[in-house]
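Read the structure below first, then the notes.
Residue numbers (the numbering used here): 80 to 252.
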């Protein structure tokens with residue numbers, strides 16, 4: 080039986096970019112989400128749609144269905160003074176506040192004498208990803224979960240997720 084929209088699904092996963100493991104929850108807390116609500120990357124959700132509880136399989140997610148294609152224009156050059164007190168390194172991740180007040184993650188692309196170039200692309204943008212997924216649970220949502228869209232399992236104490244997905248490469252946030 081295929082997974083249906085609005086069901087609560089828990090998965091164990093490992094994601095690779097080529098041969099490199101970029102994220103995994105194997106041996107830890109499962110990633111729990113409401114299916115059909117866009118809470119994980121679209122290509123992974125589509126790839127597990129016909130799986131059943133206990134199934135394990137590989138799902139190739141093309142860049143466009145993961146974190147999107149790499150956008151060369153998603154870079155900005157800022158005055159170096161804006162980074163005073165920060166020991167900058169190319170490739171480091173910084174967090175700032177976006178125009179909407181939310182947190183924005185950027186990567187330092189280049190450091191010049193008087194400017195810093197930051198990249199707004201997700202670190203996995205432009206990359207095809209291979210997920211090895213095990214479906215650990217599928218169940219109908221409770222009335223409260225159906226109303227809020229938030230699975231109760233997301234707030235497992237000390238899980239590091241609590242609904243936001245933490246820093247999972249799977250894109251649960």
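The C-beta atom is built at its ideal place from N, Cα and C for all residues, glycine as well.
query = Can you give the Cα-Cα distance for residue 154 and residue 147, rounded to whole angstroms?
reply = 15 Å
inquiry  = Which residues does DSSP list as the beta-bridge partners of residue 123?
reply    = Bridge partners of residue 123: none, in fact.
query = When the Cβ atoms of the stretch 164 to 175 are set against those of the stretch 93 to 107, are three or more pairs found closer than 8 Å?
reply = no
message = Please state the DSSP three-state secondary structure of residue 243.
response = Residue confidence is low: residue 243 scores 35 on pLDDT, short of 50, so the model does not pin down where it sits. Its coordinate-derived value is still stated next. Here residue 243 sits in coil by DSSP.
ask   = Using the beta-carbon count (16 or more within 10 Å), is residue 198 buried or exposed?
value = buried
Enclosing beta strand (DSSP E) for residue 93 [first to last residue] = 86 to 96
message = Which of the three DSSP states is assigned to residue 144 in this structure?
response = helix
query = Which whole-angstrom value describes the C-beta separation of residue 122 and residue 145, a residue pair presumed to lie in contact below a C-beta threshold of 8 Å?
reply = 5 Å
inquiry  = Measuring alpha carbon to alpha carbon, tell me which residue in 151, 196 and 150 is nearest residue 162.
reply    = 196
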